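Engineer:
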Amino acid sequence: MDPRSEVLLRQAELFGGRVLLAGLPADDLLGSLPAASGWSWHAGDQSALEARFAGRSHFGVEVPDTDFDSAVLFLPKSRELADYLLQALAARLPGAALYLVGEKRGGIERAGKQQLAAYGKPRKLDSARHCQLWQVSVETPPPAPDLNALAQTFSLSLADGPLQVVSLPGVFSHGRLDRGSALLLLHLDGLPSGPLLDFGCGAGVIGATLKRRYPDSAVTLLDVDAFAVASSRLTLAANGLDAEVIAGDGIRCAPRELAAIISNPPFHQGVHTDYQATETLLREAASHLLGKGQMRLVANSFLRYAPLIEQHLGACRTLAEDDGFRVYQANRG
Numbered sequence: 001m002d003p004r005s006e007v008l009l010r011q012a013e014l015f016g017g018r019v020l021l022a023g024l025p026a027d028d029l030l031g032s033l034p035a036a037s038g039w040s041w042h043a044g045d046q047s048a049l050e051a052r053f054a055g056r057s058h059f060g061v062e063v064p065d066t067d068f069d070s071a072v073l074f075l076p077k078s079r080e081l082a083d084y085l086l087q088a089l090a091a092r093l094p095g096a097a098l099y100l101v102g103e104k105r106g107g108i109e110r111a112g113k114q115q116l117a118a119y120g121k122p123r124k125l126d127s128a129r130h131c132q133l134w135q136v137s138v139e140t141p142p143p144a145p146d147l148n149a150l151a152q153t154f155s156l157s158l159a160d161g162p163l164q165v166v167s168l169p170g171v172f173s174h175g176r177l178d179r180g181s182a183l184l185l186l187h188l189d190g191l192p193s194g195p196l197l198d199f200g201c202g203a204g205v206i207g208a209t210l211k212r213r214y215p216d217s218a219v220t221l222l223d224v225d226a227f228a229v230a231s232s233r234l235t236l237a238a239n240g241l242d243a244e245v246i247a248g249d250g251i252r253c254a255p256r257e258l259a260a261i262i263s264n265p266p267f268h269q270g271v272h273t274d275y276q277a278t279e280t281l282l283r284e285a286a287s288h289l290l291g292k293g294q295m296r297l298v299a300n301s302f303l304r305y306a307p308l309i310e311q312h313l314g315a316c317r318t319l320a321e322d323d324g325f326r327v328y329q330a331n332r333g
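Read in full-length UniProt numbering, the sequence shown has 201 at position 201, and its numbers run on one by one without any break.
(1) Below 7 angstroms CB to CB, which residues in the same chain sit around P266 once its five sequence neighbours on both sides are set aside?
(2) Just mark R317 as buried or exposed, buried being the case when its beta carbon has 16 or more other beta carbons within 10 Å.
(3) What is the DSSP secondary structure of Y84, counted as helix, strand or coil?
(4) Suppose contacts are defined by Cβ-Cβ distances below 8 angstroms. Is V138 in contact with A96 by that definition?
(5) Assuming E139 is part of the alpha helix (DSSP H), what are its boundary residues?
(6) Grab the span of the beta strand (DSSP E) containing H58 for me, first residue to last.
(7) Using the C-alpha atoms, what's the distance from L147 back to A159?
(8) Can you tell me which residues form a DSSP beta bridge with K124?
(9) So the candidates are N331, D28, L116, V101; which of them puts its Cα closest to the Cα of V7?
(10) Determine the direct distance from the alpha carbon of A71 to that of V136, and round the result to whole angstroms.
(11) Tell me the DSSP bridge mates of F154?
(12) Assuming F325 contacts A299 under a Cβ cut-off of 8 angstroms, what Cβ separation, rounded to an integer in Å, is found between them?
(13) Unbroken beta strand (DSSP E) runs of length 3 or more, entirely within the region 198-240: which are they?
(14) Helix, strand or coil: how does DSSP classify D45 here?
(15) For E13, which option in G23, G293, A36, R176 has the closest C-alpha, if you only look at C-alpha atoms?
(16) Apart from the five residues just before and just after F125, which ones in its own chain have a Cβ nearer than 7 angstroms to its Cβ?
(17) Please state whether the Cβ-Cβ distance between S32 and L49 is less than 8 angstroms.
(18) Does the separation of the CB atoms of A208 and L236 fall below 8 angstroms?
(19) In the DSSP assignment, find the beta strand (DSSP E) that holds residue 337 and state where it starts and stops.
(20) Between L222 and A51, what straight-line distance do the alpha-carbon atoms span, to the nearest angstrom?
(21) Once you ignore the five residues that flank R233 on each side, which residues in its own chain have a CB closer than 6 angstroms to its CB?
(22) Runs of 3 residues minimum, wholly inside the region 83-113: which ones carry the beta strand (DSSP E) assignment?
(23) Are the CB atoms of A259 and L196 nearer to each other than 8 angstroms?
(24) On the three-state DSSP scale, how would you describe V7?
(25) What number of angstroms, rounded off, separates the C-alpha of R105 from the C-alpha of F15?
(26) Taking the straight line between their C-alpha atoms, what separation do you get for T220 and L168?
(27) Are the region 71-87 and the region 107-118 in contact at 8 angstroms, needing three or more beta carbon pairs?
(28) Checking 8 angstroms against the spacing of the C-beta atoms, do D323 and R179 come in under that value?
(29) Excluding the five sequence neighbours on either side, which residues of its own chain have a C-beta within less than 6 angstroms of the C-beta of A144, listed in chain order?
Printed below as a string of structure tokens:
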């Protein structure tokens, strides 16, 4: 059981009714709270929850259209995302209880004191398992937020013209181009013809660039996060581009028979470091590539991905190294 869930269950009498658990982990919490429902924006968690508790958890970027009398937000890493989620939940809970739970090292004390204060007088209910549980009675319900109005748009000057990028709260490198993607953008020439995949698409910078540069290739953008998927769709639309965007937990959700996989893969999940998605990508990329298909990947220089690439795919070349990042290329052997 996730330690945040354990803290909730220490106060189980508060959560016996129709409570919405927003951003819940994929553990047995729904089993312990039979009247509760879930709201997830992580495709992997949602898949696990659906398998165990069919129909009780909803996936997406908007508050589910379901009845609930109180809500618990599992504090996300991004403050902007937390602001949006708290406002969206508080708008549905006039006079009712809104709870916030999170890890101490994730900033729960600050969030409990500061972010909940917009809706009433917050109070700490419990502290255990290196986590805290906070509560506020929504005295001043806000209007429901317009998620698209919270998007940040910026323009990239690329060789083939400006690209408009639209990112939503919580998406990696929100409102700016990260250094890894900037380096990868300089090394997207000469890809093999055929279907292309942007793995871990974020706001869609790489995928949109690929579609514009290779208009005759089918391009798929894949991310585990619903807010990233929504951002990528906005970025494609802002540039008049048409590509498939899918939510999925890792490379197993990607199409087969790809000409190339291009990625600036994530290695953080919440406040924890997590390399699993990238290591699984490297182990299984070959099964998604055509016979001479190619993978092109950017990563922090300190991450030892080259041996994994060579073990599971083929000879690995370093195309570029700059500013603490490397661009690797390998063809399926």
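For each residue, glycine too, the CB sits at the ideal point set by N, CA and C.
Because the structure is a prediction, the values reported are computed rather than measured.
Structural biologist: Let's see:
(1) F172, G200, A277
(2) exposed
(3) helix
(4) yes
(5) Careful: E139 lies outside any alpha helix (DSSP H) and carries neither H nor E.
(6) 57-59
(7) 31 angstroms
(8) W134
(9) V101
(10) 10 angstroms
(11) V165
(12) 7 angstroms
(13) 219-223
(14) helix
(15) A36
(16) In the sequence under discussion, the amino acid at residue 125 is Leu, which differs from the Phe named in the question. Closer than 7 angstroms at the Cβ level, and outside the excluded window around L125, lie Q11, L133, W134, Q135.
(17) no
(18) yes
(19) This structure cannot settle anything about residue 337, because the visible part of the chain is limited to 1 through 333.
(20) 21 angstroms
(21) V245
(22) 97-103
(23) yes
(24) helix
(25) 25 angstroms
(26) 20 angstroms
(27) yes
(28) yes
(29) A91
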